[in-house]
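First comes the structure, then the notes that go with it.
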Amino acid sequence: MAMRHLLLTCDAVGGVWQYSTDLARALEPLGYQVTLAVMGPSPNEAARDSIAGSANISLVDSGLELDWLAADPAPVIDAERRLAEMAGDLGADLVQLHTPALVSMGRYRCPVIAVQHSCVATWWAAVHGGDMPEDFVWRTEMVARGLQHAAVAIAPSTAFAEAVRRVYGVMPFTVHNGRALPVPARKPMRDYVFTAGRLWDDGKNVRVLDEAAARISAPFLAAGPVIAPHGGALAIESLQAIGTLDEVGLAERLSERPVFASSALYEPFGLAVLEAASAGCALILSDIPTFRELWEGAATFVDANDAKGYARAIEHMLSSRAARLDAGGRAQERAHRYIPAAMAGAMAHHYAMAEQRVAA
Numbered sequence: 000m001a002m003r004h005l006l007l008t009c010d011a012v013g014g015v016w017q018y019s020t021d022l023a024r025a026l027e028p029l030g031y032q033v034t035l036a037v038m039g040p041s042p043n044e045a046a047r048d049s050i051a052g053s054a055n056i057s058l059v060d061s062g063l064e065l066d067w068l069a070a071d072p073a074p075v076i077d078a079e080r081r082l083a084e085m086a087g088d089l090g091a092d093l094v095q096l097h098t099p100a101l102v103s104m105g106r107y108r109c110p111v112i113a114v115q116h117s118c119v120a121t122w123w124a125a126v127h128g129g130d131m132p133e134d135f136v137w138r139t140e141m142v143a144r145g146l147q148h149a150a151v152a153i154a155p156s157t158a159f160a161e162a163v164r165r166v167y168g169v170m171p172f173t174v175h176n177g178r179a180l181p182v183p184a185r186k187p188m189r190d191y192v193f194t195a196g197r198l199w200d201d202g203k204n205v206r207v208l209d210e211a212a213a214r215i216s217a218p219f220l221a222a223g224p225v226i227a228p229h230g231g232a233l234a235i236e237s238l239q240a241i242g243t244l245d246e247v248g249l250a251e252r253l254s255e256r257p258v259f260a261s262s263a264l265y266e267p268f269g270l271a272v273l274e275a276a277s278a279g280c281a282l283i284l285s286d287i288p289t290f291r292e293l294w295e296g297a298a299t300f301v302d303a304n305d306a307k308g309y310a311r312a313i314e315h316m317l318s319s320r321a322a323r324l325d326a327g328g329r330a331q332e333r334a335h336r337y338i339p340a341a342m343a344g345a346m347a348h349h350y351a352m353a354e355q356r357v358a359a
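Numbered per numbering that gives the first Met the number 0, the sequence shown spans residues 0 to 359.
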């Protein structure tokens, strides 16, 4: 089988790195050689080690500025130019971008798949509503142009794809994310509550969990950064911030099967929820369309802004081992749908579709 060469952009500061490396590894048996073009800060040693044994992955530390940290369109336009040149130099058959903004000028000579992991326009609509800040307008315009130029657009959930359609008039195809964590030995179940993610992000709505933490009898731990890359920090009072965990540390913590909670207002998919579900944690989630799509029947849902409701749901789960084991079992069973092999198979289908569209 002839190998196809995919240039895949990502960053090393969040869930896009996890998505990209899981996808790249899962594409190997399907015949894909993957060049990971990292934008923004360089991957740390642990991140590099996580892909060191993958024969089909090459890493390029591009030095290009991340689109969501750019002060104006110029660095994003320059990044597209340089990525297009890189694709040509590598002889890439396909390019997969982590944002449509990187194909807004249409410079690539091979088919481009744009994955809409998130965007400021849909984030603003979910978290604040009303008119966007001026800084968000040019970013939204670049995404809109990119969605028109891409051969295929992808979103990680149908709920998010619908949010994209409402803003941009383009309905991406849905390919659910997949995730694979190291599997440590299962530990005895421990009575605490856990959340993880970009704690500083207003879309994660962590203030509600902080309020709920003050109302419950068990510790409530929160993993992830509280300081945003662009400045600003989350002030918490009752949550116990434990910093950012690497894959092994996160897997070890989840193997204790704490109750997992998320009060997100905005979540295109939610890798942290999938990680918790895969470990058999009971899920208490905000009642938003994405979580309903992915976890209906496998989670307890609470209004995203109801701190008392979260506290009641958490205390109920902690008070009944039988209910907690049942909830964790249902979550783990549902998580089997969202694995890297399924994600890679679906993406390979869309790669072929993109090549057919460009060839037509």
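Beta carbons are placed, not taken as given, at the ideal position from N, Cα and C, and that holds for glycine.
Quick caveat: nothing in here was measured; it's all calculated off a predicted structure.
Query: Sub-8 Å separation of residue 370 and residue 276 beta-carbons; Result: It is not possible to answer for residue 370, since the shown part of the chain is limited to 0 through 359.
Query: Closest by C-alpha distance to residue 247, when choosing among 17, 165 and 89; Result: 17
Query: Assumed close pair residue 255, residue 188 - CB separation to whole angstroms, cut-off 8 Å; Result: 7 Å
Query: Short Cβ contact (8 Å threshold) for residue 279 with residue 330; Result: yes
Query: Own chain, CB closer than 7 Å to residue 22, minus 5 neighbours either side, in chain order; Result: 339, 342, 343 and 346
Query: Whole-angstrom distance between residue 226 and residue 318, CA atom to CA atom; Result: 34 Å
Query: Where residue 243 falls: helix, strand or coil (DSSP); Result: coil
Query: Residue 126 versus 322, 265, 354 and 353, residue with shortest Cα-Cα distance; Result: 265
Query: CA nearest to the CA of residue 232, picked from 201, 316 and 337; Result: 201
Query: DSSP three-state assignment for residue 268, whether helix, strand or coil; Result: coil
Query: Per DSSP, the bridge partner or partners of residue 109; Result: Per DSSP, none; premise fails for residue 109.
Query: Segments assigned alpha helix (DSSP H), at least 4 residues, entirely inside the segment 291-331; Result: 306-318
Query: Own chain partners of residue 304 with C-beta closer than 7 Å, once the 5 adjacent residues on each side are dropped; Result: 207
Query: 7 Å Cβ shell around residue 301 - same chain, five flanking residues per side excluded; Result: 283, 285, 286, 308, 309 and 312
Query: Status (buried if at least 16 other CB within 10 Å, exposed otherwise) for residue 355; Result: exposed
Query: For residue 10, the residue or residues it bridges with in DSSP; Result: 38
Query: Whole runs of the beta strand (DSSP E) within the segment 75-135, excluding any shorter than 3 residues; Result: 93-96 and 111-114
Query: Per DSSP, the bridge partner or partners of residue 173; Result: 154
Query: CB contact flag (residue 112, residue 350, <8 Å); Result: yes
Query: Opposing strand residues paired with residue 59 [DSSP bridges]; Result: 36
Query: Inter-residue Cα distance where the pair is residue 375 and residue 63; Result: No information on residue 375 is available, as it lies outside the stretch 0 to 359 that the chain covers here.
Query: Secondary structure of residue 283, DSSP reduced to three states; Result: strand
Query: For residue 252, three-class secondary structure by DSSP; Result: helix
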